[in-house]
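Trainee: Numbering (the numbering used here), first residue to last: 233 to 416.
Every residue, glycine too, gets a C-beta built ideally from N, C-alpha and C.
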Amino acid sequence: MTQQPQFAQTTATFQQAMPVKKGMSKKAKIILASVLGAVAVILLSVGGYSLWRYQSGKIVDGTYEVVSLSRYDEDKDKMVDGLDEYKDEGLDVQSFVIVKNNQSRTYNLLESDNKSYVSLIDYEMDVPQVFDPWNKTQSQVLNADQVEDATKDFMKKMRKDYSFYTKEAADKVVKKQQENIKIP
Numbered sequence: 233m234t235q236q237p238q239f240a241q242t243t244a245t246f247q248q249a250m251p252v253k254k255g256m257s258k259k260a261k262i263i264l265a266s267v268l269g270a271v272a273v274i275l276l277s278v279g280g281y282s283l284w285r286y287q288s289g290k291i292v293d294g295t296y297e298v299v300s301l302s303r304y305d306e307d308k309d310k311m312v313d314g315l316d317e318y319k320d321e322g323l324d325v326q327s328f329v330i331v332k333n334n335q336s337r338t339y340n341l342l343e344s345d346n347k348s349y350v351s352l353i354d355y356e357m358d359v360p361q362v363f364d365p366w367n368k369t370q371s372q373v374l375n376a377d378q379v380e381d382a383t384k385d386f387m388k389k390m391r392k393d394y395s396f397y398t399k400e401a402a403d404k405v406v407k408k409q410q411e412n413i414k415i416p
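Shown next, in the form of structure tokens:
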């Protein structure tokens, strides 16, 4: 018997090559546009809120009358109106705040026995306050030591310019200023 040569049978399978996609599918484009739109809306909302909060905390330049001045009274263990305390002693106090460039100064007018008094230390000594529009607070520009130095310098000037200011009166004013800003 003769053997017949066997031929190997080969089968080839051909796959159609997929064309390479250029770009994203329609679904991916919609998702990407939605995400970017949501991020833009969030950023605009945060920016709008920030602008509103900052602008709402600003105080317009001008002169304002203080109609209520709350302070904590340790004896009564509660907040009391400081202006009413003067009225209880028969004194009429008018307090004004002048705001310019987001800084303020306070002036007080005291009326007693049908006479008006303006505190020279309020009028001539410059201890400005600055407003923080974001936190809606007011704070001193100078620290406690700087206020003490400014008060001492001012009282030296007052003693030099006006003979009725004694050293004792000047020391009393410095001590009062120290108490007002709680210098230890």
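Which residue or residues does DSSP assign as beta-bridge partners of T369?
Mentor: Answer is D364.
Trainee: Which value, in whole angstroms, describes the spacing of the CA atoms of S288 and L315?
Mentor: Spanning the two alpha carbons is a distance of roughly 27 Å.
Trainee: Does E317 come out as helix, strand or coil in the three-state DSSP assignment?
Mentor: Reduced to three states, the DSSP call for E317 is helix.
Trainee: On the CB-based measure, 16 or more other CB atoms within 10 Å of its CB, does L311 come out buried or exposed?
Mentor: A quick correction: the sequence has Met, not Leu, at residue 311. Exposed, because fewer than 16 other Cβ atoms sit within 10 Å of the Cβ of M311.
Trainee: Apart from the five residues just before and just after T338, which ones in its own chain have a Cβ nearer than 6 Å to its Cβ?
Mentor: Once the five neighbours on either side are set aside, the close Cβ partners of T338 are V329.
Trainee: DSSP three-state label for V292, please.
Mentor: DSSP places V292 in coil when its eight states are reduced to three.
Trainee: Can you tell me the Cα-Cα spacing of D403 and F386, whole angstroms?
Mentor: Going from the Cα of D403 to the Cα of F386 covers about 11 Å.
Trainee: Would DSSP call S344 helix, strand or coil?
Mentor: Of the three classes helix, strand and coil, the one that applies to S344 here is strand, per DSSP.
Trainee: Quick check on Y286: buried or exposed, where buried means 16 or more other Cβ atoms within 10 Å of its Cβ?
Mentor: Exposed, since its Cβ has fewer than 16 Cβ neighbours within 10 Å.
Trainee: Give the single residue among Q370, V405, D393 and W366 whose Cα lies nearest to the Cα of A382.
Mentor: Nearest C-alpha to A382: V405.
Trainee: Cutting at 6 Å between CB atoms, please list the residues of its own chain near E343, excluding the five before and the five after it.
Mentor: If we look at E343 and ignore the five residues flanking it on each side, its Cβ neighbours are D324.
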